[in-house]
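Enquirer: This is the structure I want to talk about, given as structure tokens.
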Amino acid sequence: MLSRISRAAATIFLAAIIAFPLLYGISMSFFTNIDFTDTEAHFISSAPTLRNFMVALSNRHYPRFILNSFITASLSAILRTAVTVMAAFAFSHLRFRFRREILIMLLGTMFIPADAMLYPNYRTIAALGLLDTYAAIVLPSVFSASALILMLGSLLSLSSEYYEAARIDGASDHAYIMRILCPMMQSVVAALFLQAFIISFNSYLWPLLVTNRNSMRTVQVGITMLGFADGGEYGAEFAAITLIVLPFLVLLGIGKKHISGYLTSGVNR
Amino acid sequence: MSKRNLKAYAYLAPALLLAILFSYIPLAESIVSSFLRISQNGAVRGFAGLGNYAGLFRSEAFLRSVGHTIIFALLFLPLNTVLTIAAAAATRRKGKWTAVAEFIFISPMAVSLAAYAMIFKEMFRGRVSIISRILSTDIAWLESPGTAMLVLAMLGVFLDFGIDYILILSGFRSIERDVLDAAELDGAGSLRMLFSIELPMIRTIISATIFMAVKDALLISAPVMILTEGGPFRSTETVMYFYYLEAFKSGNRAVESTIATLSAAVSMLSMALIAIRRKHALKDI
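First to last, the sequence lines map onto chains D and H. All residue numbers for the first sequence refer to the working numbering, where the first residue is 1 and numbers rise by one. All residue numbers for the second sequence refer to the working numbering, where the first residue is 1001 and numbers rise by one.
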């Protein structure tokens, strides 16, 4: 009994700490300008207002930033899912020369920190003439070794009977992947897609480096340079943040089981 | 080359191409460049031997950035480890409200780095910030070196919290019921169970999350960029932030390529350590 109470107390204390920045960020999106400059910091708005949201949404660039993020995150998720499923299919279903060597090479990319490769990758993108394009934002993050490991882990646990049966029925590999493999692996594929979408949508540094024009900026870069604060509109800054965080919070709530199942599938093996 | 081989290679081609183009070529380029003298406009001026490395280690700004990164790691790692283990331990037994608590603890995964950094900037801004009000002080957190680094470490915790929590929680939940029942029958109290039975049983997962955290700590740059821009007085300028400034603002190829090569080497060493520890886990692939 005592241990239940102490666990509950610890949970409440930690949950308060973890939830605070997000709740405060949302709270600030209802602040008036005076609330930000008052002599005592406010927890909640002295006169809750939706004005900040109007200011954010009527910003010339903000809607475009969101659109750009949505497009690049979708492209990134679609491409990563396709590339990962294809590669995992080859490793789990086909026998071929250099299988081991190629697998080691692909997984070896985990050892190369992307943050330290920013400059040469920037030069590659520039040399390809792709600066300020969606391709520049998306391409370097499409292949992910950890996504391949998780996908491959699931495919290896699949019985080979399905593949053999499909082949006897005369189905092509392509048809097998689309009609049998993906539907059977629905939850893994969905989690992979969702995770890739969130990672891409939330990425900051790379999109900052390869975009210059406002029309190509993603929203994560955009929210740090909307410049509301310069115009005294502090609240609008947090309204802009709230608007992009809330959908993900809802998505996380819905997909919680899938995502945690997917992320931890490597843990207990 | 048989037809079967070709088909497999076709399925692997996109992954391979991307891995080579965005991981192996830049790595090779960094290693080669780090031994060359390259001017700001990219012209190769000759062989430098170990000159670039010697220059890097003579650079006071670089050595200071190494120091800052170590201080960051020393603040971030204990905070991150203790908080994630505490949250997972507190919610490891399912009860009425654990689903709500679990959601709160994974919610940081939905919040982007940029959003958290902007919120933190406001939470700790000036002398009358909300955090100062809660703690009843008038510390200007982001304006003096020590506290600015502490805020940066707290921000780091939020960026990693969700995933670390999920991993550790699933570790706790994967412990067989029988083991726990047997210990309970022996009269082990809740805290003793946690520290002498459950935590030791999930030490592989905990050490994996710590390794990941070490890697994140050594590579920290983007949060610095938004929260402090290296300040105050360049006190939060970490190695990778220094790399970013030198590579993209100063066009210093010597510093850029040597830091890239060194961090790849450090990352490979640390990942190799994990791989050796977890060799059995990869055997069935």
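A virtual CB, placed ideally from N, CA and C, is assigned to each residue, including glycine.
Between the C-alpha atoms of residue 183 of chain D and residue 112 of chain D, what's the straight-line distance to the nearest angstrom?
Expert: 33 Å
Enquirer: Determine the closest residue to residue 1115 of chain H out of D:252, D:85, D:237 and D:264, with distance taken between C-alpha atoms.
Expert: D:237
Enquirer: Can you give the Cα-Cα distance for residue 268 of chain D and residue 259 of chain D, rounded to whole angstroms?
Expert: Confidence is the limiting factor: at residue 268 of chain D the pLDDT is only 47, short of 50, which leaves the residue's position unreliable and the question unanswerable from this model.
Enquirer: Three or more C-beta pairs under 8 Å: does that hold for the stretch 1139-1158 of chain H against the stretch 1063-1075 of chain H?
Expert: yes
Enquirer: Cutting at 7 Å between CB atoms, please list the residues of its own chain near residue 83 of chain D, excluding the five before and the five after it.
Expert: Closer than 7 Å at Cβ, skipping near neighbours: 142 and 143.
Enquirer: Since residue 1166 of chain H and residue 1211 of chain H are thought to touch, with beta carbons under 8 Å apart, how far apart are those beta carbons, to the nearest angstrom?
Expert: With a Cβ gap of about 16 Å, residue 1166 of chain H and residue 1211 of chain H do not count as contacting.
Enquirer: Evaluate residue 217 of chain D with the Cβ neighbour count: other Cβ atoms within 10 Å of its Cβ, from every protein chain shown; 16 or more gives buried, anything less gives exposed.
Expert: buried
Enquirer: For residue 37 of chain D, count neighbouring Cβ atoms within 10 angstroms of its own Cβ and tell me buried if that reaches 16, exposed if not.
Expert: Around the beta carbon of residue 37 of chain D, a 10 Å sphere encloses fewer than 16 other beta carbons of the protein chains shown; the residue is thus reported as exposed.
Enquirer: Classify residue 1057 of chain H as buried or exposed, calling it buried when 16 or more other Cβ atoms lie within 10 Å of its own Cβ.
Expert: exposed
Enquirer: Would a C-beta distance cut-off of 8 Å place residue 18 of chain D and residue 1105 of chain H closer than the cut-off?
Expert: yes
Enquirer: Let me know if residue 206 of chain D comes out buried or exposed under the rule of 16 or more other beta-carbons within 10 Å of its beta-carbon.
Expert: buried
Enquirer: Would residue 1169 of chain H and residue 1088 of chain H qualify as a contact pair, given that the criterion is a beta-carbon distance under 8 Å?
Expert: A Cβ-Cβ contact shorter than 8 Å links residue 1169 of chain H with residue 1088 of chain H.
Enquirer: Kindly give me the distance between the Cβ atoms of residue 22 of chain D and residue 87 of chain D, rounded to whole angstroms, as I take these residues to be in contact under 8 Å.
Expert: Contact doesn't hold; Cβ gap of about 36 Å is too wide.
Enquirer: Using only CA atoms, which one of D:155, D:146, D:221 and D:220 lies nearest to residue 195 of chain D?
Expert: D:146
Enquirer: Mapping DSSP to helix, strand and coil, what is residue 1218 of chain H?
Expert: Three-state DSSP puts residue 1218 of chain H in a helix.
Enquirer: For residue 1047 of chain H, list the residues DSSP reports as bridge partners.
Expert: Answer by DSSP bridge pairing, in chain order: H:1036.
Enquirer: Give the secondary structure of residue 1268 of chain H by DSSP, where H, G and I count as helix, E and B as strand, and everything else as coil.
Expert: It is helical.
Enquirer: Throw me the rounded Cβ distance for the residue 61 of chain D and residue 222 of chain D pair, which I believe falls under 8 Å.
Expert: 6 Å
Enquirer: Between the Cα of residue 1039 of chain H and the Cα atoms of H:1205, H:1255 and H:1259, which residue gives the shortest distance?
Expert: Closest by alpha carbon: H:1255.
Enquirer: Quick check on this structure: which residue in H:1239, H:1192, H:1047 and H:1144 has the alpha carbon closest to the alpha carbon of residue 1260 of chain H?
Expert: Of the candidates H:1239, H:1192, H:1047 and H:1144, the residue whose Cα lies closest to the Cα of residue 1260 of chain H is H:1239.
Enquirer: Would you mind reading off the limits of the alpha helix (DSSP H) that contains residue 39 of chain D?
Expert: Element bounds for residue 39 of chain D: n/a, residue is neither H nor E.
Enquirer: Check whether the stretch 1081-1098 of chain H touches the stretch 167-182 of chain D, counting contact only when three or more Cβ pairs, one atom from each stretch, lie closer than 8 Å.
Expert: The answer is no - the stretch 167-182 of chain D does not touch the stretch 1081-1098 of chain H, with fewer than three Cβ pairs under 8 Å.
Enquirer: Beta-carbon of residue 111 of chain D versus every beta-carbon of chain H: anything under 8 Å?
Expert: yes
Enquirer: Residue 232 of chain D and residue 1119 of chain H - do their beta-carbons sit closer together than 8 Å?
Expert: no
Enquirer: Which same chain residues, not among the five before or five after residue 1283 of chain H, have their C-beta less than 6 Å away from its C-beta?
Expert: Below a pLDDT of 50, predicted positions are generally treated as unreliable, and residue 1283 of chain H, at 47, falls in that range; no measurement from the model is reported.
Enquirer: Quick check: is the beta carbon of residue 24 of chain D nearer than 8 Å to any beta carbon in chain H?
Expert: yes
Enquirer: Would you say residue 1285 of chain H lies against chain D (beta-carbon separation less than 8 Å)?
Expert: At residue 1285 of chain H the pLDDT is 40, less than 50, meaning the model places this residue with poor confidence; the figure from the coordinates comes in the next sentence. Yes, residue 1285 of chain H lies at the interface with chain D (some Cβ there is under 8 Å from its Cβ).
Enquirer: Using the Cα positions of residue 246 of chain D and residue 1228 of chain H, report the straight-line distance between them to the nearest angstrom.
Expert: 26 Å
Enquirer: On the premise that residue 28 of chain D lies in contact with residue 1026 of chain H, defined as a C-beta separation below 8 Å, what is that separation, rounded to the nearest angstrom?
Expert: For a cut-off of 8 Å, the C-beta gap from residue 1026 of chain H to residue 28 of chain D is around 40 Å, too long to register as a contact.
Enquirer: Pick out whichever of H:1117, H:1180, H:1204 and H:1009 has its Cα sitting closest to the Cα of residue 1158 of chain H.
Expert: H:1117
Enquirer: Beta carbons nearer than 7 Å to chain D: which residues of the stretch 1103-1131 of chain H have them?
Expert: 1103, 1104, 1105, 1106, 1107, 1108, 1109, 1110, 1111, 1112, 1113, 1114, 1115, 1116, 1118, 1119, 1120, 1122, 1123, 1128, 1129 and 1130
Enquirer: Is there a Cβ of chain H sitting closer than 8 Å to that of residue 143 of chain D, yes or no?
Expert: Taking Cβ atoms only, chain H reaches closer than 8 Å to residue 143 of chain D, which makes this a yes.
Enquirer: Under 8 Å Cβ to Cβ from residue 1217 of chain H, same chain only, skipping five residues before and after it: list those, please.
Expert: 1069, 1072, 1073, 1076, 1077 and 1156
Enquirer: Leaving aside the five residues before and after residue 1196 of chain H along the sequence, list all residues of the same chain whose C-beta is less than 8 Å from its C-beta, in chain order.
Expert: Around residue 1196 of chain H: 1188.
Enquirer: For a contact meaning CB atoms closer than 9 Å, what does residue 1177 of chain H contact in chain D?
Expert: Within chain D, no residue comes near residue 1177 of chain H; the closest Cβ sits about 15 Å away, beyond 9 Å.
Enquirer: Consider the Cβ of residue 268 of chain D: report whether some Cβ of chain H lies at a distance smaller than 8 Å.
Expert: Unreliable positioning characterises residue 268 of chain D in this predicted model, as indicated by a pLDDT of 47, which lies under 50. The coordinate reading is nonetheless provided below. With 8 Å as the cut-off, residue 268 of chain D counts as an interface residue toward chain H.
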